[in-house]
Amino acid sequence: MKHATDEPVLLASDVSFAYGSGPTVLHNINLALHAGGAIGIVGESGSGKSTLAGLLVGMSTPTSGSVTVHGRPWKSVRRRDPQRLAVQMVFQNPYTALNPRLTILNTVAEVFQVSEKSSKAESLERARDMLSQVGLTGSVLNKRPEDLSGGQCQRVGIARALAAKPSVIVADEPTSALDVSVQAQILNQLRDLREEQDIGLILISHDLNVVSYLTDSAIVMQHGKVVEQGPTAQLLNAPAHSYTQNLVDSVF
Amino acid sequence: MTNTLLEASELAIEIDGRQLVSSVNFSVGKGSAVGIVGETGSGKSLTCRAVAGSLSTIGGRISAGNLKLNGKDLTDPKAYAKLYGRIIGLVPQNSLSALNPLMRIGTHLIETIKILGTGGGIGTKDRAIDLLARVGLHKPEHVMKQYPHQLSGGMRQRVMIALAIAGRPELLIADEPTTALDVSVQKDIIELLGQLTREENMALILVSHDLGVVSAATENVAVMYSGMVVEYGPTKELLQNPRHPYTKALLAARPSLEHTGRLIGIPGTPATPDAWPTGCRFAPRCQFVQDSCLQNVPTLQSVGSSHQVACYRADEIEILDNAGEV
């Protein structure tokens, strides 16, 4: 584990959220991610995990409270502000998360063209580098998502996120659509990113085995509230809340 | 075995003339539970369809081998008319969308019970309520009046199980019954399946991509890889002493609360039907591969009283493992 600096990279303070004029679906969430840290968000369908992810990456704005990135609230980060790229997302379904009409090389090159105004040739070159970092090389680079396996697609998703040079990756169930043998490759990839590049990780998952493998602290959510929060190992070995206990008991 | 209910031997399945599954061997004893484990495209669902008699709906057929239920040949599609629902019950894979959204839960059950004629002496409606109670649904009278969208995923899955057991089948096939469900619900459903099979003396075929799920509910398990059964044996023994390199790798690739050391992934991706290797289908990803593996496809060989492995090097691998060289 890297030494955590004082100022959190990503900070949610007292965040509540409602969709439109609907009921409040997130209640007073607090979360602080330091550089190179990893936090797991655990809970069942409808507990608010993915809504929280949307707030953390700045796709939606809290009804009250705030989310800050490197100390700046998302509200003040305008669309073309480079800081917008600091938090990147890796999605649950790798097929629908990629543009079906672009080759995977172009998918990643596009990020460099937009984020750094790199020339086409330079972007392609850098995209090649980036994709080889996630183990994709050769003819596969000219394929489109539909011609790739789920694991390959998810690696493209990770490469696309990395191309934006993020400080944090928010991964929403990144391996739940993958087979076990492929899942291990992706989990190792995410683990290496933290250790080698100090990229922080927010991992949303219902799989406690995966959470225990990748994170050092975790929050447990139920009905939009955090019911337990703490170091992952402690949370899983000695759950204090009955709901956490129930989740731990359900692990095969 | 005299109490064998279902026996598959050297079963092969083809779709549109292409052989997708072969060398499937397993048997299910009366009242016992067998798991079929494998990844996407390994052929586990096709094997299920073969047993359930629904291959023809996707243009498939059993192209070789034997499939016998109570000694009766199932490779003849006509054999199914009288079996379905009565002898074989099926909980399908996409069961969450399998209920008619415009029909109350009670209507689903009553229709099924009428068709199967299994109301018994207690009347169709009472039998329906009894079935819902049996699958652990609270206030079954109330659930009878509800529509599918008013139920949670776990509740809908329970209804599907109630429908599958309405005909008091001897064999229940559950194809990935918990994939779309939350973890705690998943555990409940697996426990329910175990409980029902014990209470009703029903046999169970449980299909899953997760060895953990299968280990919780079955006595025997068949591991499938790229359309073939590569290892078959008692679940406990197979998990503790896996003999096929694929089974070993699958276990090592699975994160668990107990082991937080680095996972060992399996390099590459599974072979697909249009590019099946000549020899062992796992060979391109296998750390123990040698020349003989590339020549011919290994067949299942006994390595214990009821444990079978399709690997040329199964014996050597155990020795290498024990010597700590792997």
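Quick note, the sequences are listed as chains A and B, same order.
Per the working numbering, residue 1371 is the first one in the first sequence, and the count goes up by one each step.
Per the working numbering, residue 31 is the first one in the second sequence, and the count goes up by one each step.
From the three backbone atoms N, C-alpha and C, an ideal C-beta is built for every residue, glycine too.
With its beta carbon at least 9 Å from every one in chain B, Glu-1598/A lies outside the interface. Runs of the beta strand (DSSP E) lying entirely within the stretch 228 to 281 of chain B and spanning at least 3 residues, in chain order: 233 to 238, 250 to 255 and 258 to 264. Considering only Val-189/B, Gly-184/B, Ala-128/B and Arg-164/B, the residue with the shortest C-alpha distance to Lys-175/B is Val-189/B. In the three-state scheme derived from DSSP, where H, G and I count as helix and E and B as strand, Tyr-177/B is classed as coil.
Under a 10 Å Cβ-count criterion, Ala-1456/A is classified as buried, with 16 or more other Cβ atoms of the shown protein chains found around its own Cβ. When DSSP reads this structure, Ala-1382/A sits in a beta bridge with Leu-1401/A and Val-1437/A.
Annotation: Arg-343/B to Phe-318/B spans about 8 Å, alpha carbon to alpha carbon. Between the stretch 1456 to 1468 of chain A and the stretch 1512 to 1531 of chain A, the count of C-beta pairs closer than 8 Å reaches three or more; the two stretches touch.
In the same chain as Gly-184/B, and ignoring 5 residues on each side of it, the C-beta atoms closer than 7 Å to its own belong to Leu-211, Val-215, Asp-218 and Ile-219, in chain order.
In the structure shown, Tyr-1465/A falls within a coil segment according to DSSP collapsed to helix, strand and coil.
Within the stretch 1510 to 1552 of chain A, the runs of alpha helix (DSSP H) at least 4 residues long that lie entirely inside it are, in chain order, 1520 to 1533. At a cut-off of 9 Å between beta carbons, Lys-74/B makes no contact with chain A. Spanning the alpha carbons of Arg-273/B and Asp-156/B requires a straight line of approximately 50 Å.
The Cβ atoms of Val-244/B and Val-51/B lie no closer than 9 Å to each other.
Shown in chain order are the members of the stretch 1570 to 1590 of chain A whose Cβ falls below 8 Å from a Cβ of chain B: His-1576, Asp-1577, Leu-1578, Asn-1579, Val-1580, Ser-1582 and Tyr-1583.
Thr-77/B does not reach chain A, its nearest Cβ partner there being about 17 Å away, counting only Cβ pairs nearer than 7 Å. In the three-state reduction of the DSSP assignment, Ile-1569/A falls in the coil class, being assigned neither a helical nor a strand state.
Of all residues in the stretch 264 to 280 of chain B, those with a C-beta nearer than 9 Å to a C-beta of chain A are Tyr-276, Ala-279 and Leu-280, reading in chain order. Apart from sequence neighbours up to five positions away, the residues of its chain that approach Leu-268/B with a beta-carbon distance below 6 Å are Val-251, ordered along the chain. Taking His-1397/A as the centre and dropping the five residues before and after it, the same chain places the C-beta of Ser-1386, Gly-1594 and Lys-1595 closer than 6 Å to its C-beta, in chain order. With a cutoff of 9 Å on beta-carbon distance, Asp-1586/A and Ala-1382/A are scored as not near each other. For Glu-261/B, the number of other beta carbons within 10 angstroms of its own is at least 16, and it is reported as buried. Beta-bridge analysis with DSSP links Phe-1387/A to Leu-1396/A. Around Lys-217/B, the beta-carbon contacts reaching into chain A at under 7 Å are Ser-1620. In the displayed model, Lys-1487/A falls within coil according to three-state DSSP, outside both helix and strand.
By the Cβ criterion, the stretch 89 to 96 of chain B is in contact with the stretch 38 to 55 of chain B, since at least three pairs of Cβ atoms, one from each stretch, lie closer than 8 Å. Thr-248/B has a beta carbon lying at 9 Å or more from every beta carbon in chain A.
Counting only residues of its own chain and dropping the five nearest sequence neighbours on each side, Ala-1534/A has a CB closer than 6 Å to the CB of Leu-1455, Gln-1458, Val-1481 and Ser-1485.
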